[in-house]
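Worksheet for the structure shown next.
Numbering (mature numbering (1 follows the signal peptide of the UniProt record, and there is no 0)), first residue to last: -20 to -1, 1 to 195.
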């Protein structure tokens, strides 16, 4: 069972970073791929695999909990998870609760639908079992989805994935130039244009009157 008490440790772990951004992966759709999903690879102890959507429910397992208790676990390098965001987002920080002793590769799907490398999380640190990892990305990425695979001792698990940033509300990549539209005239300019048009109309009317009078 996932516990919110571990959220306090998460807050301490990342307290040195700005937290104005939102977890854009909260309740995002999660899918699995590969044949090893739910396989404990010979481990004699373990619980049933957790619901796959628990990976983005915003809650953490107790630190140090056995790798295959209350988590989505698998074996083999061809299996993993895909997290699809509700909207494209500019992401600058990732949080992963996963089994220790492995390398978890995290890729992102860009807006051209190409998978790109975001980071590799090395979980080789104490305590054993499930632990919190992550931090800021070297360069923010604009992502539609994330994909997680692992390499290591063949015992892999993810209990929670979070991605922090902000939604991208248009199709213009951040930093790209935007073509300016036609400038909107200032009110004083509009007034001068109106006066000029009125004088021009009056002058044309006067010339028309003079032409008629001379006939």
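Built from N, CA and C at the ideal position, the CB exists for glycine as well.
N- and C-terminal bounds of the beta strand (DSSP E) containing residue 100: As a position in the chain shown, residue 100 is number 120, starting the count at 1. Its beta strand (DSSP E) spans residues 95 to 102.
Relative to the C-alpha of residue 65, which candidate in 139, 123 and 109 has its C-alpha closest? As a working note, residue 65 is residue 85 in the chain shown. Closest by C-alpha distance to residue 65, out of 139, 123 and 109, is 123.
Going by DSSP, what residues sit across from residue 129 in a beta bridge? Walking along the chain shown from the start, residue 129 turns up at place 149. According to DSSP, residue 129 bridges with 85.
With DSSP as the reference, identify every bridge partner of residue 147, one or two as the case may be. What you label residue 147 is simply residue 167 of the chain shown in a count that begins at 1. According to DSSP, which records beta bridges pairwise, residue 147 is partnered with 69.
8 angstroms CB neighbourhood of residue 73 in its chain, flanking five on each side removed: On the chain shown, position 93 is the one that residue 73 refers to. So the list reads -7, -4, 1, 114, 115, 116, 117, 143, 144 and 145, once near-sequence residues are dropped.
Report the option in 130, 33 and 58 whose CA atom is closest to the CA atom of residue 51. Here residue 51 corresponds to residue number 71 of the chain shown, with the count starting at 1. Measuring from the Cα of residue 51, the nearest candidate turns out to be 33.
Where the beta strand (DSSP E) containing residue 47 begins and where it ends: Here residue 47 refers to the residue found at position 67 of the chain shown. Annotation for residue 47: no beta strand (DSSP E) segment contains it, and DSSP assigns it neither H nor E.
If you draw a straight line from the C-alpha of residue 218 to the C-alpha of residue 45, how long is it? With the chain running from -20 to 195 in the structure shown, residue 218 is simply not present.
Residue range of the beta strand (DSSP E) that residue 12 falls in? Residue numbering aside, residue 12 sits at position 32 when the chain shown is read from its first letter. Where residue 12 is concerned, the enclosing beta strand (DSSP E) stretches over 9 to 13.
Mind checking residue 214: buried by the 16 CB within 10 Å criterion, or exposed? This structure cannot settle anything about residue 214, because the visible part of the chain is limited to -20 through 195.
Residue 8 classed as buried or exposed, judged by whether at least 16 other C-beta atoms fall within 10 angstroms: As a first step, residue 8 is located in the chain shown; it is residue number 28 there, counting from the start. Result: buried.
Among 89, 104 and 92, which residue has its Cα nearest to the Cα of residue 133? Taking the first residue of the chain shown as position 1, residue 133 is located at position 153. Looking at the Cα atoms, 104 is the closest of the given residues.
So what does DSSP say about residue 34, is it helix, strand or coil? Along the chain shown, read from residue 1 onward, the residue named residue 34 stands at position 54. The answer is helix: DSSP assigns residue 34 an H, G or I state.
When you compare each of 83, 71 and 111 to residue 100 by their alpha carbons, which one comes out closest? Taking the chain shown and counting its residues from 1, one reaches residue 100 at position 120. The residue from 83, 71 and 111 with its alpha-carbon nearest to that of residue 100 is 83.
Since residue 35 and residue 141 are thought to touch, with beta carbons under 8 angstroms apart, how far apart are those beta carbons, to the nearest angstrom? Translated into positions along the chain shown, residue 35 becomes position 55. Translated into positions along the chain shown, residue 141 becomes position 161. Confirmed, about 5 angstroms.
Starting from residue 19, follow its DSSP beta bridges and name the residues at the other end. Translated into positions along the chain shown, residue 19 becomes position 39. DSSP, once it has assigned bridges, lists no residue as partnering residue 19.
CB of residue 1 to nearest heavy atom of the ligand NAD: below 7 angstroms? Ligands displayed in this structure: none; no statement on the ligand NAD is therefore possible.
Burial state of residue 58, where buried means 16 or more other Cβ atoms lie within 10 Å: Sequence index remark: in the chain shown, residue 58 carries index 78 (1-based). Result: exposed.
Kindly list the residues whose CB is nearer than 6 angstroms to the CB of residue 130, restricted to its own chain and excluding five residues on each side of it in sequence; keep chain order. Reading the chain shown from its first residue, position 150 is the one you call residue 130. The beta carbon of residue 130 sits closer than 6 angstroms to the beta carbons of 82, 84 and 136 from its chain, once the five residues preceding and following it are set aside; these are given in chain order.
Can the beta-carbon of residue 86 be found closer than 8 angstroms to that of residue 98? Residue mapping note: residue 86 aligns to position 106 of the chain shown, counting from 1. Residue mapping note: residue 98 aligns to position 118 of the chain shown, counting from 1. Taking a C-beta distance under 8 angstroms as the contact criterion, residue 86 and residue 98 qualify as a contact pair.
By alpha-carbon positions, which one of 89, 93, 40 and 92 ends up nearest to residue 112? Residue 112 sits at position 132 when you count from the first residue of the chain shown. Ranked by Cα distance from residue 112, the first of 89, 93, 40 and 92 is 40.
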